[in-house]
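Trainee: There's a structure below that I have some questions on.
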Amino acid sequence: MKKILALVLALALCITCASAFADKVGVAMPTQSLQRWNQDGANMKEQLEAAGFEVDLQYANNDVAMQVSQIENMILNDCKVLVVASIDGGALDTVLGQAKDAGCIIIAYDRLLTGTKNVDYYTTFDNYGVGKIQGQYVEQKFDLANTDAVYTIEFTGGDPGDNNAGLFFGGAYDVLKPYLDAGKLVCVSGQVNFDQIATPNWDSAKAQSRMDAILTGYYPDALTGGQKLDIALCSNDSTAQGVSASLQQFGYTAENIPVITGQDCDKASVINMLAGLQAMSIFKDTRTLAAQTVAMVKDLLAGNAPEINATYDNGVFEVPSFNCTPVFADLDNYQELLLDSGYYTAEELGL
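If you count by my numbering, then the sequence shown holds residues 2 to 352, one letter each, in order.
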């Protein structure tokens, strides 16, 4: 019995020592109000811990001051690497400078840290490519290259503080602009600049409110023979959900709702897709992004150069980056992408 007790104590001591000497990684996420960031945080924590790291995961409730405070605490707690998904990519230079002074390695996660020299690497998806896929989906859905028909479109973008929001919109708009110029697409509201179509904090309620105003002002008789809306190009799922809610409130159903794009394959949007209330969503597998980020952390802490395949200009320098590849999901391929891959269960989607 004494030998067994000694072995148990020795094992416990080894575990304690291993934990004490494990490198700490701070993971700063922007909010828990959007499904995708909960998934990102959980995937990062699970994979980092599986790789032997101690993880300090924090969510900042879309509050920049809170995120700054959380990063300061990560520095004080001797985190060797900071993985930062920023609320406002241009608002963290000072605290990032403190992190660099403390010897931290800084990885921007899916949202580029802008206007600062204090970032080492960036892991993301091809965000301009995300927008292009949305634009190409609309282009192909309506056969715009070959048709003489005219379709109406309204745009809903993302948060102005998120560098990716402009990339998403830019990618989609660049695909569709030739058709707007040719008159095959018409934006009746005239709102085609990013500052006009942006949605603070990617907030569904704000997207819904703006679409309410557009429908009232420019499509008031759409369901009784007046000007109808054919396409609602939304940069992500939370805005798409707000737009879909607005359209349904105005009387649209699955039979006549405009084609709505999205991004992230949020559960609520996939359920909408299955119900005919959203046409597609970009699938950015957060497991893949987390795995690439963990691989980068491991390389950096081992003194090795991480894999990169792109650079992004953050306004100060070209940040070495790794782009993961996005794809789109719709009714034709959701089974393979979302269910067969284990991303969701049939029960989670109400199937």
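In this text, a Cβ means the ideal position worked out from N, Cα and C, and glycines have one as well.
Computed from a predicted model, the values in this text were never measured in an experiment.
Go through its chain and collect everything with a Cβ distance to L338's Cβ below 6 Å, but skip five positions before and after it.
Mentor: These residues qualify, in order along the chain: F284, A330.
Trainee: Can you tell me the Cβ-Cβ gap for S87 and A166, rounded? I've got them flagged as a contact below 8 Å.
Mentor: Incorrect: roughly 12 Å between the Cβ atoms, too far for contact.
Trainee: Which residue from L93, V82, Q48 puts its Cα closest to that of F65?
Mentor: According to the sequence provided, residue 65 is Val. The question's Phe does not apply to it. Ranking L93, V82, Q48 by Cα distance to V65 puts L93 first.
Trainee: What's the call for P259, buried or exposed, on a 16-neighbour Cβ count within 10 Å?
Mentor: P259 is buried by the Cβ-count criterion.
Trainee: Using 10 angstroms around the beta-carbon of S342, count the other beta-carbons present and answer buried if the total reaches 16, otherwise exposed.
Mentor: Exposed: under 16 other Cβ atoms inside 10 Å.
Trainee: Rank S239, Q293, V271 by C-alpha distance to the C-alpha of F323 and give the top, closest one.
Mentor: Taking only the C-alpha atoms, the option nearest F323 is Q293.
Trainee: Provide the residue(s) that pair with E367 in DSSP beta bridges, ordered along the chain.
Mentor: For residue 367 there is no data in the structure shown, the boundaries of the chain being 2 and 352.
Trainee: What's the gap between the Cα of E140 and the Cα of I272?
Mentor: So the two alpha carbons sit approximately 24 Å from each other.
Trainee: Between the alpha carbons of L275 and I309, how many angstroms are there, rounded?
Mentor: The alpha-carbon atoms of L275 and I309 are separated by roughly 37 Å.
Trainee: Where does L340 sit, in a helix, a strand or coil, going by DSSP?
Mentor: Of the three classes helix, strand and coil, the one that applies to L340 here is helix, per DSSP.
Trainee: Give me the Cα-Cα distance between E102 and K46, rounded to the nearest whole angstrom.
Mentor: The amino acid at residue 102 is misidentified as Glu; the sequence shows Asp. The straight-line gap from Cα to Cα measures roughly 25 Å.
Trainee: Can you tell me whether P201 is buried or exposed? The criterion is at least 16 other CB atoms within 10 Å of its CB, across all chains shown.
Mentor: Classification of P201: exposed, given that the 10 Å Cβ count is below 16.
Trainee: In the DSSP output, what is I107 paired with across the bridge?
Mentor: Looking at the DSSP assignment, I107 forms a beta bridge with L83.
Trainee: For L332, count neighbouring C-beta atoms within 10 Å of its own C-beta (all shown protein chains included) and say buried if the count is 16 or more, exposed if not.
Mentor: Its Cβ having fewer than 16 others within 10 Å, L332 is exposed.
Trainee: For the alpha helix (DSSP H) containing T294, list its first residue and its last residue.
Mentor: Here the alpha helix (DSSP H) through T294 covers 287-302.
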